[in-house]
Amino acid sequence: MQNNAIATFPASFLVRVAAMIYELLLVTAVLFVASLPFLYLVGNAETGWRHHVFQLYLVGVLFAYFSAFWRRSGQTLAMKTWRIRLIDLNGGRPSLRQSALRFVLALAGLALAGVGFWWALFDRDHQFLHDRIAGTRLVRVPRKG
């Protein structure tokens, strides 16, 4: 459990971008592995209903990946590496509702040329749009030691 008495500092935009690049590599591997059983069981998913089901399946895998890490510790592996933690406005772990809202809004922001991420450059607290709406924020984790 996180000690709310410790001061939290926002993660810089560049650190968040670096973490997202690393996360992209990890998520690519997760999706590759998750694709294998689906394609083995269903077969070709290049067109038709199988294609749509496959896409929904992959989005579900991504949501399971992110929400599990965010809810358990507030950090994915990439976030741990870059010492970033996702917290709610009270300094605790985000709820399932907040995680789901953040995930959906982040996907929508990506689909709209990353507008939700570029938002951080103009936001008064340098938050992503999906964090502002979901009631979450990314903070730096102090070094242990």
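The letter at position 23 of the sequence shown is residue 22 when you use numbering that gives the first Met the number 0, and the numbering goes up by one with no holes. The C-beta atom is built at its ideal place from N, Cα and C for all residues, glycine as well. Please read all numbers here as calculations on a predicted model, not as lab measurements.
Quiz item: Going by beta carbon distance, what residues of the same chain come within less than 6 Å of Ala-133, once the five residues before and after it are set aside?
Solution: Taking the sequence shown and counting its residues from 1, the one referred to as residue 133 is at position 134. Excluding positions up to five away in sequence, the list reads Gln-97, Leu-100, Arg-101.
Quiz item: What residue from Arg-142, Lys-143, Tyr-64, Ala-105 has the CA that sits closest to Phe-127's CA?
Solution: For the purposes of this step, residue 127 is identified with residue 128 of the sequence shown, where counting begins at 1. The shortest C-alpha to C-alpha distance from Phe-127 to any of Arg-142, Lys-143, Tyr-64, Ala-105 is the one to Ala-105.
Practice problem: Measure from the alpha carbon of Phe-8 to the alpha carbon of each residue in Pro-93, Lys-143, Arg-84, Thr-75, then state which is nearest. | Solution: As a position in the sequence shown, residue 8 is number 9, starting the count at 1. Comparing Cα-Cα distances from Phe-8 to each of Pro-93, Lys-143, Arg-84, Thr-75, the minimum goes to Arg-84.
Quiz prompt | CA-to-CA distance, Leu-61 to Leu-55, given in whole angstroms | solution = As a working note, residue 55 is residue 56 in the sequence shown. As a working note, residue 61 is residue 62 in the sequence shown. Approximately 10 Å, taken between the alpha carbons.
Quiz item: Taking 8 Å as the CB-CB limit, is Ala-107 close to chain C?
Solution: Protein chains in the displayed structure number just one, and chain C is not present.
Quiz item: Just reading off the beta strand (DSSP E) that Leu-106 is part of, what are its end residues?
Solution: Numbered from its first residue, the sequence shown carries residue 106 at position 107. Premise fails: Leu-106 lies in the alpha helix (DSSP H), 95-110, not in any beta strand (DSSP E).
Quiz item: DSSP three-state call for Asn-2: helix, strand or coil?
Solution: Numbered from its first residue, the sequence shown carries residue 2 at position 3. In this prediction, Asn-2 scores a pLDDT of 47, lower than 50, which makes its location untrustworthy; no coordinate-derived value is stated.
Self-check item: Reduced DSSP category for Leu-57 - H, G, I as helix; E, B as strand; rest coil
Solution: Within the sequence shown, residue 57 is the residue found at index 58, counting from 1. Helix at Leu-57.
Quiz item: In its own chain, which residues sit with a C-beta less than 8 Å from the C-beta of Leu-120, not counting the 5 before and 5 after it?
Solution: Translated into the one-based positions of the sequence shown, residue 120 becomes position 121. Correct list, in chain order: Phe-12.
Quiz item: From Gly-91 to Gly-47, what does the alpha carbon distance come to, in whole angstroms?
Solution: Translated into positions along the sequence shown, residue 91 becomes position 92. Translated into positions along the sequence shown, residue 47 becomes position 48. Put simply, the backbone Cα of Gly-91 is about 43 Å away from that of Gly-47.
Exercise. Report buried or exposed for Val-138, applying the criterion of at least 16 other Cβ atoms within 10 angstroms of its Cβ.
Key: Within the sequence shown, numbered from 1, the residue matching residue 138 stands at position 139. Counting Cβ neighbours within 10 Å, Val-138 comes out buried, since at least 16 surround it.
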